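Participant: Residue numbers (the working numbering): 1233 to 1515.
Just so it is clear, CB atoms sit at the ideal spot from N, CA and C, and this is done for glycine as well.
Note that the structure is a prediction, hence the values are computed from the model and not measured.
1) If you count every other CB in all the chains shown that lies within 10 Å of the CB of residue 1262, and 16 or more means buried, which is it?
2) Pull up the distance between the alpha-carbon of residue 1503 and that of residue 1435, whole angstroms please.
3) Closest by CA to residue 1266, which one among 1386, 1283 and 1477?
4) Using CA coordinates, which residue listed in 1358, 1512 and 1505 is at the minimum distance from residue 1479?
5) Does DSSP classify residue 1279 as helix, strand or coil?
6) Just confirm the distance between the C-beta atoms of residue 1370 and residue 1425, as a whole number of angstroms; I'd bet it's less than 8 Å.
7) Kindly identify the DSSP beta-bridge partner or partners of residue 1426.
8) Note down the Cα distance separating residue 1281 from residue 1274, rounded to an integer number of angstroms.
9) Who are the Cβ neighbours of residue 1239 in its own chain at under 7 Å, not counting the five residues just before and after it?
10) At the level of alpha carbons, what is the spacing between residue 1328 and residue 1291?
11) If we define contact as Cβ-Cβ less than 8 Å, is residue 1320 a contact residue for chain D?
12) Within 10 Å of its beta-carbon, does residue 1308 have 16 or more other beta-carbons around it, so buried, or fewer, so exposed?
13) Tell me the DSSP secondary structure of residue 1267 in three-state form.
14) At a cut of 8 Å, does the segment 1497–1512 reach the segment 1381–1393 through at least three beta carbon pairs?
15) Would you grab the beta carbon distance between residue 1351 and residue 1467 for me? Rounded to a whole angstrom, and I think it's under 8 Å.
16) Please report the distance separating the alpha-carbon of residue 1390 from that of residue 1287.
17) Where do the ends of the beta strand (DSSP E) carrying residue 1443 lie?
Below is the structure:
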């Protein structure tokens, strides 16, 4: 008698079919049986599922529509594997460079962090600072660059191609972006492997390791972009931000570092503002 499969009721039939199709086409899962499919929270553009196969649990990602237009999927595969190799991200079981669909090892008994965790427990800010420092200083090379200025231009062009207008007042933001472009041309920032989208829900704590997952936007960038991004995403107060940065730098920031942080926080806000409008185009 065939055993039943437990599937969370809110999962669409289309996505159930896509999960089954993906797993059936992966040699690693030959002669395997799916027993449970559950929704994994988080993910603004992709759909993520916790799938139990032969009593082992995996994290399955169905890439969102339109993401191939602005994401470098082959680069993500390489970059995420580099981070998995040094224990920062989850091990990758399967990755489709054409679609962006992937299967990773599921990290058991882990806590997904949220804004309140970073705001209420200083240890998480310290742990994040040390993870950032570990991979920023790793000397590892990503095969892609993440230039916020170029990413913004890409989003603007995609919006123009779709005849989608940005909100009133955007020209003021664009003027500042152009000022920064000139500044960076004359004083290029240092580059290191960066995550570039370290929102709170991308951090996992299993009491043994502190993981940073979802490397879709990973690329060589100014490390201060990562720091500024988390400060914004976690809604840190000035005091919390100072603590976080001291943990990362091992002391107070220089004026140059503080200035770079402010610039990168602005670029982070500008970038995701254009990104959010672009998501409206894809529904």
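Facilitator: Once the coordinates are examined:
1) Classification for residue 1262: exposed.
2) 21 Å
3) 1283
4) The shortest CA-to-CA distance from residue 1479 to any of 1358, 1512 and 1505 is the one to 1358.
5) strand
6) 7 Å
7) Here residue 1426 is bridged, per DSSP, to 1451.
8) 10 Å
9) If we look at residue 1239 and ignore the five residues flanking it on each side, its Cβ neighbours are 1248 and 1269.
10) 14 Å
11) Absent from the structure: chain D. Only one protein chain is present.
12) Buried: at least 16 other Cβ atoms inside 10 Å.
13) strand
14) yes
15) 7 Å
16) 43 Å
17) 1442–1444
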